[in-house]
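Please read the structure below before turning to the comments.
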Amino acid sequence: MEEKLSVFAENLNMLLNERSITKYRLAKDIGVSKQTVSNWCSGHSEPKVTELKKLADYFDISMDVLSGRKEY
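According to this note's numbering, the sequence shown is numbered sequentially starting from -12.
Written out as structure tokens, the structure reads:
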């Protein structure tokens, strides 16, 4: 049975695809490892609040939208 991705993971994957940004590029730009970004995208982990803020700033969206608390 396939595990359903979290709203955060779905949103992150969508943003990466829409903007043609690789996991490696995102990781380098926000100062985390590519494995960390891969774990976020696969739903194995979620970012800390400080990392969520960096992601929101990077994509120029609110933390609420990125985390799924509000619609994109």
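We treat Cβ as the ideally placed atom computed from N, Cα and C, and that holds for glycine.
With residue i as the anchor, note down where its alpha helix (DSSP H) starts and where it stops.
{"i": "residue 19", "result": "First-last for residue 19: undefined, no H or E at that position."}
DSSP three-state label for residue i, please.
{"i": "residue -3", "result": "helix"}
{"i": "residue 51", "result": "helix"}
{"i": "residue 105", "result": "With the chain covering -12 to 59 only, the question about residue 105 has no answer from this structure."}
{"i": "residue 10", "result": "helix"}
{"i": "residue 42", "result": "helix"}
{"i": "residue 32", "result": "coil"}
Whole angstroms are fine: how far does the CA of residue j sit from the CA of residue i?
{"i": "residue 51", "j": "residue 7", "result": "22 Å"}
{"i": "residue 48", "j": "residue 35", "result": "17 Å"}
The ligand NAP and residue i: does the residue's C-beta get closer than 6 Å to at least one heavy atom of that ligand?
{"i": "residue 40", "result": "Absence of the ligand NAP from the depicted structure is noted, as is the absence of any ligand whatsoever, leaving it without description."}
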